[in-house]
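Residue numbers (the numbering used here): -14 to 68.
Note that CB positions come from ideal geometry on N, CA and C, so glycine has one too.
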(Lines of atoms letter the chains of each structure in order from A and count residues from 1; the text may use other names and numbers.)
(Lines give C-alpha, C1' and ligand atoms only; values in the text may rest on other atoms or scores of the structure.)
Protein backbone atom coordinates (compact mmCIF):
# COMPACT_ATOMS: atom_id res chain seq x y z
CA UNK A 1 0.00 0.00 0.00
CA UNK A 2 1.26 3.45 -0.87
CA UNK A 3 2.25 5.76 1.98
CA UNK A 4 0.43 9.10 2.31
CA UNK A 5 2.13 12.21 0.98
CA UNK A 6 2.35 15.35 3.10
CA UNK A 7 0.89 18.37 1.30
CA UNK A 8 0.95 22.09 1.95
CA UNK A 9 -2.19 23.94 0.91
CA UNK A 10 -2.09 27.74 1.03
CA UNK A 11 -5.41 29.56 0.97
CA UNK A 12 -6.22 33.27 0.74
CA UNK A 13 -7.27 34.99 3.95
CA UNK A 14 -7.44 33.99 7.57
CA UNK A 15 -9.88 31.11 7.46
CA UNK A 16 -11.47 30.09 10.74
CA UNK A 17 -11.95 26.64 12.22
CA UNK A 18 -15.69 26.64 11.46
CA UNK A 19 -15.10 26.50 7.70
CA UNK A 20 -12.18 24.10 8.08
CA UNK A 21 -13.89 21.78 10.59
CA UNK A 22 -13.94 18.73 8.25
CA UNK A 23 -10.18 19.11 7.78
CA UNK A 24 -9.12 19.70 11.40
CA UNK A 25 -8.27 16.06 12.14
CA UNK A 26 -6.07 15.68 9.05
CA UNK A 27 -4.26 19.04 8.88
CA UNK A 28 -2.38 21.50 11.03
CA UNK A 29 -3.52 25.08 10.47
CA UNK A 30 -1.13 28.03 10.52
CA UNK A 31 -2.14 31.70 10.34
CA UNK A 32 1.40 33.04 10.81
CA UNK A 33 1.75 34.55 7.33
CA UNK A 34 -0.09 37.79 6.67
CA UNK A 35 -3.20 37.31 4.58
CA UNK A 36 -3.00 33.53 4.12
CA UNK A 37 -3.86 30.34 5.94
CA UNK A 38 -1.48 27.40 5.55
CA UNK A 39 -2.69 23.82 5.93
CA UNK A 40 -0.21 20.94 6.22
CA UNK A 41 -1.29 17.32 6.37
CA UNK A 42 -1.14 13.86 4.89
CA UNK A 43 -3.13 13.01 1.77
CA UNK A 44 -3.63 9.29 1.23
CA UNK A 45 -4.44 9.24 -2.46
CA UNK A 46 -5.93 11.22 -5.36
CA UNK A 47 -9.52 10.77 -4.18
CA UNK A 48 -8.61 12.15 -0.74
CA UNK A 49 -6.98 15.18 -2.40
CA UNK A 50 -10.05 15.72 -4.59
CA UNK A 51 -12.27 15.52 -1.48
CA UNK A 52 -10.21 18.17 0.31
CA UNK A 53 -10.34 20.43 -2.74
CA UNK A 54 -14.09 19.84 -3.13
CA UNK A 55 -14.67 20.93 0.47
CA UNK A 56 -12.59 24.09 0.06
CA UNK A 57 -14.42 24.94 -3.17
CA UNK A 58 -17.83 24.27 -1.61
CA UNK A 59 -17.25 26.93 1.05
CA UNK A 60 -15.79 29.43 -1.46
CA UNK A 61 -12.22 29.28 -0.18
CA UNK A 62 -9.62 30.47 -2.70
CA UNK A 63 -6.67 28.09 -2.96
CA UNK A 64 -3.42 29.89 -3.77
CA UNK A 65 -1.20 26.82 -3.99
CA UNK A 66 -1.04 23.13 -3.26
CA UNK A 67 2.23 21.22 -3.23
CA UNK A 68 3.58 17.93 -1.92
CA UNK A 69 6.26 18.33 0.75
CA UNK A 70 7.62 14.78 0.66
CA UNK A 71 10.39 13.76 -1.69
CA UNK A 72 9.73 11.44 -4.61
CA UNK A 73 8.81 7.85 -3.73
CA UNK A 74 12.22 6.51 -4.80
CA UNK A 75 13.91 8.52 -2.04
CA UNK A 76 15.94 10.70 -4.40
CA UNK A 77 16.06 14.39 -3.48
CA UNK A 78 14.08 16.82 -5.58
CA UNK A 79 15.90 18.88 -8.12
CA UNK A 80 14.84 22.32 -9.24
CA UNK A 81 15.79 22.79 -12.88
CA UNK A 82 15.17 26.55 -12.68
CA UNK A 83 18.26 27.14 -10.54
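For residue i, count the other beta carbons within 10 Å of its own beta carbon; 16 or more makes it buried, fewer makes it exposed. Which is it?
i: residue 20; result: exposed
i: residue 69; result: Nothing can be reported for residue 69: it is not among the residues displayed for the chain, which extend from -14 to 68.
i: residue -2; result: exposed
i: residue 49; result: exposed
i: residue 26; result: buried
i: residue 9; result: exposed
i: residue 54; result: exposed
Which partner residues of residue i appear in the DSSP bridge assignment?
i: residue -10; result: 28
i: residue 2; result: In DSSP, residue 2 forms no bridge with anything.
i: residue 22; result: -4
i: residue 52; result: -7
i: residue 15; result: 23
Which residue from the options puts its Cα closest to that of residue i?
i: residue 6; options: 52, 44 and 17; result: 44
i: residue 34; options: -12, -8 and 4; result: -8
i: residue 46; options: 32, 53, 30 and 22; result: 22
i: residue 15; options: -4, 30, 51 and 32; result: -4
i: residue -10; options: 29, 4, 11 and 17; result: 29
i: residue 40; options: 4, -12 and 0; result: 4
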